[in-house]
Every structure is written in structure tokens, then in C-alpha cells.
Amino acid sequence: LPRLVERLRADEAAASGPVRQLSVAALGAVPLASRGGGGGARRRYIGDDRGGTGDRDDAGVSAAVCVEELAAKHYLQREGFDCGLHCEGALLRDLFGVLLFDELFDSSVEGVFASAYQDAPLDLGTEAFYVCRRARLERRLSSLAALAPEALAEEVLARFRSVHGRRVRGVNWERYDGPSGGFRREAGAGGVSEIGEAGEEAGGEGGDEAGPDGGRRVLWTRDGEVGVDACNLGAAAGAIGGAALAAALRQLCLDYNAAGLPDLLVWRWGDASAGAREVRCARFVEVKSERDALSRRQRVWLSILRSAGAEAEVCHIRDEST
Numbered sequence: 005l006p007r008l009v010e011r012l013r014a015d016e017a018a019a020s021g022p023v024r025q026l027s028v029a030a031l032g033a034v035p036l037a038s039r040g041g042g043g044g045a046r047r048r049y050i051g052d053d054r055g056g057t058g059d060r061d062d063a064g065v066s067a068a069v070c071v072e073e074l075a076a077k078h079y080l081q082r083e084g085f086d087c088g089l090h091c092e093g094a095l096l097r098d099l100f101g102v103l104l105f106d107e108l109f110d111s112s113v114e115g116v117f118a119s120a121y122q123d124a125p126l127d128l129g130t131e132a133f134y135v136c137r138r139a140r141l142e143r144r145l146s147s148l149a150a151l152a153p154e155a156l157a158e159e160v161l162a163r164f165r166s167v168h169g170r171r172v173r174g175v176n177w178e179r180y181d182g183p184s185g186g187f188r189r190e191a192g193a194g195g196v197s198e199i200g201e202a203g204e205e206a207g208g209e210g211g212d213e214a215g216p217d218g219g220r221r222v223l224w225t226r227d228g229e230v231g232v233d234a235c236n237l238g239a240a241a242g243a244i245g246g247a248a249l250a251a252a253l254r255q256l257c258l259d260y261n262a263a264g265l266p267d268l269l270v271w272r273w274g275d276a277s278a279g280a281r282e283v284r285c286a287r288f289v290e291v292k293s294e295r296d297a298l299s300r301r302q303r304v305w306l307s308i309l310r311s312a313g314a315e316a317e318v319c320h321i322r323d324e325s326t
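If you use the working numbering, the sequence shown corresponds to residues 5 to 326, in order.
Below you can see the structure in the form of C-alpha cells.
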């Protein structure tokens, strides 16, 4: 028994996969002085004199950023990714509602629709949801898993157009520029363009709206280098890949309200004619600050994604000045 316990602990410790260490100073940022927010206040950072972060507000003053934004800029500017979104599961829930729309609103399942105005069946988020639709869900997930990146991107955009504007739990249509599936664009700065949305999705994780904590539900791109084809939901899904996306959607079928989804999704959607597999890929990133630690649910999600072939890692932002 002691050996079993030791092995299980080792497996749990390894579930997070690769761990990246980034220095705040190396990213060209310095911590802002605390304003007495208490122990629960999030640490904020600002570009130093070297201008590494580069963000400025409308008045030309360096804008404060959180650790997730620091990490996203690293992946875009130094790892070669085209786009990055601080989503914490929002993007996967959008894909869940779009790609599993028919299964979600399957009227053959008894007792789950009491009103025509429901945005989801009554059993979504319970163990019964997957059990009552197992065969149909698995057929759909298997078909998605078998799609090549380009075919998956086309399937996502086609389904997006067909259900656009419908009330679907977890899907935030305001994130997108109409039925095209392209992310809405906003003015960017410092070499990184920002793409955001006006609202917050239903059924998402609490406290994640854009605002003082900065950058949540905002997608960044490498300014001037990324084509419009990379800036849509289809490209994000295609970069993730069919097998990994199907595994993530299956887990949401089993536990729709699960917490612990990775903070960031970054992806590259280059020209497939170039022949290199790396031109189209994605990476899930759980970002941790100096005193933050992985939860068990976060380890589970990282393990699920990596087991399905996705790139998933932990990124620790270290501040050597503390």
C-alpha cells in the first residue's frame, strides 16, 4: 500500500507536464506597488524603462497587466504563436455549444425540456447528460477526432454559421464578428493587437470578465504578422486538433461545470502548403504567479489534454525582486 500511495502521488505530480519558468524582469516588466488590496489582491505589473511589455493606454502611459498577459506576450513574441486568448475554458465551451448543438438539443431525451426558451437541457452538468446520450455523443466526438485540422476548421465555421445567434448555454456570440466566426478586433498596442468582446458568456467560470484584472476574454495577435484566417474560432479548433478537442468536449459532457481549465490558449495557423506540421498547432497554458500552486482539478485537465495529444504546460511567472 505505501508503494501504491507513493506511485499515485508521483503520477499526480507529473500530471502537469512541462513546466516553464519566466522571469518578470526578463519579460521587461516590474511589479506595481501594492495599494493595500489585502492578501487576495492580484499582483499587477507594468513595463519598465526598457519597454519590454510595450503596452500604453490612450494617454501614452504604460498599462498595468496581470501574469496571464505577461505570459501571453511571451508566447506570441518569443515562441512564434499567432494568437493567444486568456479564456479559462470559455473557448472550449463555445466549441461545445457549436459543435454539439444537435446533441445538446436532442428532443428524443425525455424530461429535459420544460420550455422552448431553455438554453440547455435540464440535465446538462449532471451525470445523466452523457449517460442518456452516450451513443450519439460518441459518434459525434469520434467523427470530430478523425478530422484533419483544415477539415475541422471548416466544420467549426460551418456549424457556427448554422447556429449563430441561437440561445446556447456557454456560447458568447458577442465575442465574434457576426456569423463568420472571426473574433472581434480592438485597437492594440506594443506590437500585440487585442481582440475582445463586449460581454461575458453564460455558464463560464465566475469573476472572469474583462476589466481591472485586465485581458480576460481578450485575444492577442502578433501585430502586423497574422492573417485574418488565423483569427477565428475555426482556426483555433483546427490548431488544437480533432483528437484533443474531442477529448476536451467529452470531459465537458461528463462534467460541464468543471473548474480548472487552463488559463491560456495560444495557437499558430500558418500556411499548410509550407509542409511543416508546426505551422498549425496550439498549446494550453496554466499560468501561475509567485505564490500560486496547481489545484488537483487543474492537474486533471492538463493530464486529459496531454493524454489526447495536445500541448499543455504550466508557466510560472517569477519575480526575483520579492
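Every residue, glycine too, gets a C-beta built ideally from N, C-alpha and C.
On a predicted model such as this, the values are computed, not experimentally measured, just so you know.
Exposed or buried, residue i, counting other C-beta atoms within 10 Å across all chains shown (16 or more means buried)?
i, result
"G169", "exposed"
"E327", "Any property of residue 327 remains undetermined from this structure, which presents the chain solely from 5 to 326."
"Q25", "exposed"
"D267", "buried"
"L74", "buried"
"R287", "buried"
"R173", "buried"
"N236", "buried"
"V175", "buried"
"P22", "exposed"
"E131", "exposed"
"A157", "buried"
"G115", "exposed"
"G182", "exposed"
"G231", "exposed"
"V69", "buried"
"E290", "buried"
"G211", "Confidence in G211 is poor, its pLDDT being 38 and thus under 50, which makes the residue's placement too unreliable to answer from."
"V135", "exposed"
"A316", "buried"
"R295", "exposed"
"R179", "buried"
"R310", "buried"
"E324", "exposed"
"R226", "buried"
Which residues share a DSSP beta bridge with residue i?
i, result
"K292", "H320"
"Q25", "H320"
"E315", "R287"
"N236", "G186"
"H90", "L268"
"P35", "Y49"
"Y180", "F187"
"W273", "R284"
Nearest CA to the CA of residue i: which residue from the options?
i, options, result
"F85", "L145, C91, A76, E92", "A76"
"H90", "W224, F164, G174", "W224"
"I328", "A120, E294, L249, I321", "The displayed coordinates of the chain run from 5 to 326. Any statement about residue 328 would go beyond what the structure contains."
"R320", "E158, V160, K292", "Here the sequence assigns His to residue 320, which means Arg is not the residue at that position. It is K292 whose Cα lies nearest to the Cα of H320."
"Y121", "F109, E131, A132, T130", "F109"
"E154", "A132, L265, I244", "I244"
"S299", "V283, A263, V289, S311", "A263"
"A162", "L103, S119, F133, Y180", "L103"
"V318", "A312, A150, L36, R303", "R303"
"Y36", "A30, A234, V28, Y49", "Here residue 36 is Leu; the residue named in the question, Tyr, does not match the sequence. Taking only the C-alpha atoms, the option nearest L36 is Y49."
"G238", "C285, L265, D296", "C285"
"F100", "S111, V160, S112", "V160"
"A2", "V71, A297, E107", "Given a span of 5 to 326 for the chain in the structure shown, any question on residue 2 remains unanswerable."
"D275", "L141, G242, A251, A252", "G242"
By the three-class DSSP mapping on this structure, what secondary structure does residue i have?
i, result
"E159", "helix"
"V65", "At V65, the pLDDT of 41 sits below 50, so the modelled position is not reliable and the matter cannot be decided from this model."
"V135", "helix"
"P153", "helix"
"H78", "helix"
"R140", "helix"
"F100", "helix"
"L309", "helix"
"D259", "coil"
"R173", "coil"
"A241", "helix"
"Q302", "helix"
Next item on the list: Please confirm if the stretch 93-102 is in contact with the stretch 255-269, defined as three or more CB-CB distances below 8 Å between the two stretches.
Entry: yes
Next item on the list: Give a yes or no on contact between the stretch 134-152 and the stretch 247-261, applying the rule of three or more CB pairs nearer than 8 Å.
Entry: yes
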